[in-house]
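Enquirer: Next up is a structure, given as structure tokens.
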Amino acid sequence: MQKVIINNLTENENREICDLISKISPYIRFVGVISKTGELLSHFRRENITPLLDQKRTRYQFAQIAIKTELEEQFDDQLGDTEFVWEERTKIQTIAFAISSKRIWITIEKNVIRSEMLRIIDSCLPIVKRYS
């Protein structure tokens, strides 16, 4: 059985999400609202930082997030909806939150301690819930 959830956030709401999350921590580098098709709907990028991905690879990253989101939805009936995914890489940490079929994708400096990461996650959850 296919689950259909429609949550059409407005352009303004997408911007609000990015703005609210960007203020949680100075270690947040980037916040993006990504559509089901991998389109970047709104974003925040901290000033004075160099992006780790060029424009082409950034588009690939967003497409990969969209594909992963669709694949994860296949397990929602049995496992429950995805609330967030935390990924640690050697150069960066990312968190992805679900709002319907969209993803809020956040990149955070690698050197952030786990307690700060947990604080960021805990601070994002009420924002995500408000717009879900």
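Numbering of the sequence shown is given in our numbering, commencing with residue 61 and proceeding in unit increments.
Just so it is clear, CB atoms sit at the ideal spot from N, CA and C, and this is done for glycine as well.
As the structure is a computational prediction, the values presented were derived from the model and not from experiment.
1. With ILE81 as the anchor, note down where its alpha helix (DSSP H) starts and where it stops.
2. Which residues does DSSP pair with SER102 in a beta bridge?
3. DSSP on SER183, reduced to helix/strand/coil?
4. Closer than 6 Å by C-beta to LEU101: which residues in its own chain qualify, once you throw out the five before and the five after it? Chain order, please.
5. How far does the alpha helix (DSSP H) with PHE122 in it reach, from first residue to last?
6. Any chance the segment 136 to 154 sits against the segment 69 to 86, with 3 or more Cβ pairs inside 8 Å?
7. I'd like to check one pair, PHE135 with ILE181: are the Cβ atoms closer than 8 Å?
8. By how many angstroms is the C-alpha of ILE159 removed from the C-alpha of SER192?
9. Mapping DSSP to helix, strand and coil, what is VAL188?
Expert: Taking the geometry as given:
1. 71 to 82
2. VAL93
3. helix
4. ASN74, VAL93, SER95
5. 115 to 132
6. no
7. no
8. 5 Å
9. helix
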